[in-house]
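*Asks:* Okay, handing you the structure first.
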Amino acid sequence: MTVETLHFQAEVTKLLDIVVHALYSQKDVFLRELVSNASDACDRLRYAAITEPALTEGDADFKVRLIPDADAKLLTVADNGIGMNRDDLVENLGTIARSGTARFAEALAAQQASGDGKQALNLIGQFGVGFYAAFMVAGRVDVITRKAGEDQGWKWSSDGQGGFTVESFDSAPRGTRIVLHLRDDALDYLKGDTLARVVKTYSDHIDLPVVLEEGEETRTLNAASALWTRPKAEITPEQYTEFYHHVGHAFDDPWLTVHMHAEGAIEYTGLVFVPSDRPFDLFDPDRRQRLKLYVRRVFITDDCEGLVPSYLRFLKGVVDTPDLPLNVSREMLQDNPLVRKIGRGLVGKVLGEIGKQAEDKARYAEFWETFGAVLKEGIYEDFERRATILDLCRFRSSLRDGWISLSEYLEAMPEGQDAIYYLTGDSVDALKANPQIEGFTAKGVEVLLLTDTIDEFWTSMAPPYKDRRFASVALSGGDLAKIAAKADAPEAEDKPADDGPTAEADIHALALAMQEVFGPEVKAVKASERLTTSPVCLVSGDAGVSLHMERLLKAHNRTGAHADRILEINPKHPVIKALAARTGGDGFADAAWLLLDQARIVEGEPVADAAAFSRRLTAVMEKGLL
Ligand code: ADP
Ligand code: MG
66 MTVETLHFQA
76 EVTKLLDIVV
86 HALYSQKDVF
96 LRELVSNASD
106 ACDRLRYAAI
116 TEPALTEGDA
126 DFKVRLIPDA
136 DAKLLTVADN
146 GIGMNRDDLV
156 ENLGTIARSG
166 TARFAEALAA
176 QQASGDGKQA
186 LNLIGQFGVG
196 FYAAFMVAGR
206 VDVITRKAGE
216 DQGWKWSSDG
226 QGGFTVESFD
236 SAPRGTRIVL
246 HLRDDALDYL
256 KGDTLARVVK
266 TYSDHIDLPV
276 VLEEGEETRT
286 LNAASALWTR
296 PKAEITPEQY
306 TEFYHHVGHA
316 FDDPWLTVHM
326 HAEGAIEYTG
336 LVFVPSDRPF
346 DLFDPDRRQR
356 LKLYVRRVFI
366 TDDCEGLVPS
376 YLRFLKGVVD
386 TPDLPLNVSR
396 EMLQDNPLVR
406 KIGRGLVGKV
416 LGEIGKQAED
426 KARYAEFWET
436 FGAVLKEGIY
446 EDFERRATIL
456 DLCRFRSSLR
466 DGWISLSEYL
476 EAMPEGQDAI
486 YYLTGDSVDA
496 LKANPQIEGF
506 TAKGVEVLLL
516 TDTIDEFWTS
526 MAPPYKDRRF
536 ASVALSGGDL
546 AKIAAKADAP
556 EAEDKPADDG
566 PTAEADIHAL
576 ALAMQEVFGP
586 EVKAVKASER
596 LTTSPVCLVS
606 GDAGVSLHME
616 RLLKAHNRTG
626 AHADRILEIN
636 PKHPVIKALA
646 ARTGGDGFAD
656 AAWLLLDQAR
666 IVEGEPVADA
676 AAFSRRLTAV
686 MEKGLL
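All letters in the sequence shown, in the order written, are residues 66 to 691 by our numbering.
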């Protein structure tokens, strides 16, 4: 018989190191992971056997068995599920074949460096690398397995130190036996009472019986009924949390638990969780939803497109319905009207429950800061629920601290304001300092400060909210004239002293002369109606993308999009007035360039010619200081 020796993928080795060291205090977790895998394996065979009954070989009495052997210091976790063949073993227990592995490894290394054990634990849970938890308690792990429908059995064995062996193994029963050679500090797991306690704590909700076999004696350790089928009143918060850990591959606590049952035209049960922590793959390009679909408690798929929309991909949990046929194929699930109906009901319920949490502002902020950026995708993807989602949204504002809702925004609007103003950018602090909002602030008009990438997209579709349109301040300086200043708006005390107006004609000539200096660097120079304290600001033209959007696209190497740049000048500012008085004169070009560069810096753009900027600034300082 040949024995193959293979190496773990590098990421697995790293992981093993963490599992064994960082999670040292959480040893119980190994059993939960192995029982969870055994239960998944049974679920998969049960599903496959619907179309191919012969696969069960007459044994469809699915269960998980725990068999301690005190003399040999062995604990076996056995199932009669789908099993694995050689290639499955090598792929599943030697590599991490999932998307995002590299990013996961990076994140893990970062956690390791910062010594944050809980975060490392959470990451590991999310990544679904549970099997390796076996090495927390075992110096050697043997996996003896035979895949349903195949004759050849296999044995995988490893001490968790970089490699493993695989060899054929005759007379293996169908399913998988995980044999743990327990370390001396883990012998407690040979005791029936310990196993009973751990199973009760972590695996009570497993649908199958988890049976302890001690000699002749056998006893079932869990309730062995799917948690979501039990009455709410009989389920403790701890049980919900443990179920969430199991179904969501998570270690955090759920932020929200929604357990619902719908009857009528369609019947279904949903047990759905909003996590507290952001899953590491939340922004993966596939944007896959994560709910598991069951039909009459038989697991069908965890990849049911269309069950809930992508903007709710952070939800974890299960949906179970008796209204789909058990032998429903994955193809049949695509574009399935029943699935869509269930999804619609579920989404309505979940959004409603999320909304109810908003009363507790601090608690709601936790959710919003974790998942708000994802939920906002729904504003332009889910036409039907746009208003509901906008109600759930929270924003930073130019006039208030903390998060505000749109209705809070509307309540505070001054007379004459008919739009919801916003500005997009990289950070709230930079936006607060952006001269583009000066005129709005002076009149007491609030501006929403948007810093998520997604904000560029939904705002460009400008869906109205309660009949108020969204308007970018970059394009709305002209609106200000129509709006009456609020009584409590900041008086113009820090406005530059007004020593008489500069004639409009002079400002016009100044703008033209500056434009001439800049050439193609800016599309236009024009007098501003929004500036109060700053001399200049840079805004985008009203066609095409915003300046922030252009920077975002550039950062992603998408260079095609170009925003027009318009330099607005403040006719009331002393610097602008002084410059207007000497348009085209000595030092005019240098002053013009300095103003443009200043506007660029404030907007978050690079200065085009840093050396020239520095030379000009030094010259000005010399004049001022000497
Ligand atoms: P996950 O359960 O999140 O996929 P694990 O590390 O727990 O990650 O398991 C890795 C893979 O190994 C599983 O996806 C499954 O394919 C396989 N596996 C583990 N345990 C069993 C088992 N008892 N029976 C069949 N396959 C198993
Ligand atoms: Mg697992």
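Where is the CB? At the ideal position from N, CA and C, for every residue including glycine.
#1: Assess, as a yes-or-no matter, whether the region 431-438 is touched by the region 399-407 under the definition of 3 or more beta carbon pairs within less than 8 Å.
#2: Which one or two residues does DSSP pair with T230 in a beta bridge?
#3: Using 8 Å for Cβ pairs, my map puts K611 next to A539. What's the rounded Cβ distance?
#4: Confirm, please, whether the CB-CB distance from A289 to L247 is below 8 Å.
#5: By DSSP, does V685 sit in helix, in strand, or in coil?
#6: Let me check understanding here. Comparing Cα to Cα, which of K591, Q74, G490, R451 lies closest to L471?
#7: Excluding five sequence neighbours on each side, which residues of the same chain lie with their C-beta closer than 7 Å to the C-beta of V393?
#8: Taking C-beta to C-beta, are A32 and V206 nearer than 8 Å?
#9: Sorry if obvious, but does the Cβ on D544 come closer than 7 Å to a heavy atom of ligand 1?
#10: May I have the straight-line CA-CA distance separating A114 from R362, to the nearest angstrom?
#11: Measure from the alpha carbon of P585 to the alpha carbon of each residue in I631, K508, L545, then state which is nearest.
#12: Can you tell me the Cα-Cα spacing of L575 and R616, whole angstroms?
#13: Whether or not the region 671-686 and the region 630-648 are in contact is what I'm after, with contact meaning three or more pairs of Cβ atoms, one per stretch, closer than 8 Å; do they touch?
#14: What does the Cβ neighbour count give for R685, buried or exposed, with the cut at 16 atoms within 10 Å?
#15: How far does the alpha helix (DSSP H) with F345 in it extend, from its first residue to its last?
#16: Are there 16 or more other CB atoms within 10 angstroms of the CB of N622, so buried, or fewer, so exposed?
#17: Residues in the same chain with beta-carbon distance under 8 Å from Y474, minus the five sequence neighbours each way, listed in chain order, please.
#18: T78 by DSSP, collapsed to three states: which one?
#19: What residue range is occupied by the uninterrupted alpha helix (DSSP H) comprising S104?
#20: Is V439 near L411, with beta carbons less than 8 Å apart?
#21: Let's test the definition: count the other Cβ atoms within 10 Å of the Cβ of L286 and tell me whether it reaches 16, buried, or not, exposed.
#22: Whole-angstrom Cβ separation of L321 and Q422, contact assumed at under 8 Å?
#23: Leaving aside the five residues before and after E558 along the sequence, list all residues of the same chain whose C-beta is less than 7 Å from its C-beta, in chain order.
#24: Is there at least one non-hydrogen atom of ligand 1 closer than 7 Å to the beta-carbon of F196?
#25: Given R533, which residues of its chain have a CB within under 7 Å of its CB, disregarding the five upstream and five downstream residues?
#26: Given 7 Å as the limit, tell me if E98 has its C-beta closer than that to any heavy atom belonging to ligand 2.
#27: Would the C-beta of S101 count as close to ligand 2, meaning under 7 Å from any of its heavy atoms?
#28: Is D250 helix, strand or coil when you go by DSSP?
#29: With a cut-off of 8 Å, do at least 3 Cβ pairs link the region 589-609 to the region 494-512?
#30: Quick one: what's G382 bridged to in DSSP?
#31: Count the C-beta pairs between the region 118-138 and the region 292-305 that are closer than 8 Å, then say yes if the count reaches three, no if not.
#32: Return the chain-ordered ranges of every alpha helix (DSSP H) run that is complete within the region 423-492 and spans a minimum of 4 residues.
#33: Our contact map puts A654 next to V582 with C-beta atoms below 8 Å; I'd like the distance itself, whole angstroms only.
#34: In three-state DSSP terms, what is H270?
#35: First and last residue of the alpha helix (DSSP H) that includes I365?
#36: What's the C-alpha gap between S541 and A495?
*Replies:* Checking against the coordinates, here is how it stands:
#1: no
#2: T70, S222
#3: The residue asked about is misnamed: residue 611 is Ser in this sequence, not Lys. Contact flag correct, Cβ pair sits at about 6 Å.
#4: no
#5: helix
#6: R451
#7: V360, I365
#8: In the structure as shown, the chain begins at 66 and stops at 691. Residue 32 is therefore absent and cannot be evaluated.
#9: no
#10: 14 Å
#11: Among I631, K508, L545, the Cα nearest to that of P585 belongs to I631.
#12: 29 Å
#13: no
#14: Checking the displayed sequence, the identity of residue 685 turns out to be Val instead of Arg. With fewer than 16 Cβ atoms within 10 Å of its Cβ, V685 is classed as exposed.
#15: Taken as a continuous stretch (DSSP letters only), F345 belongs to no alpha helix (DSSP H), as it is neither H nor E.
#16: exposed
#17: Excluding the 5 residues flanking it on each side, Y474 has same chain C-beta neighbours closer than 8 Å at F460, S462, I485, E511, L513, in chain order.
#18: Helix at T78.
#19: 94-116
#20: no
#21: So L286 ends up on the buried side.
#22: 6 Å
#23: Caution is warranted here: a pLDDT of 45 is assigned to E558, below 50, making its placement in the model unreliable, and no coordinate value can be reported.
#24: yes
#25: L475, D483, A484, I485
#26: yes
#27: yes
#28: helix
#29: Segments in contact, yes.
#30: V337.
#31: no
#32: If only complete runs of 4 or more residues are kept, the region 423-492 shows the alpha helix (DSSP H) at 426-440, 442-446, 451-457, 471-476, in order along the chain.
#33: 5 Å
#34: coil
#35: Looking at the DSSP string, I365 is not in any alpha helix (DSSP H); the run it does join, the beta strand (DSSP E), is 363-366.
#36: 19 Å
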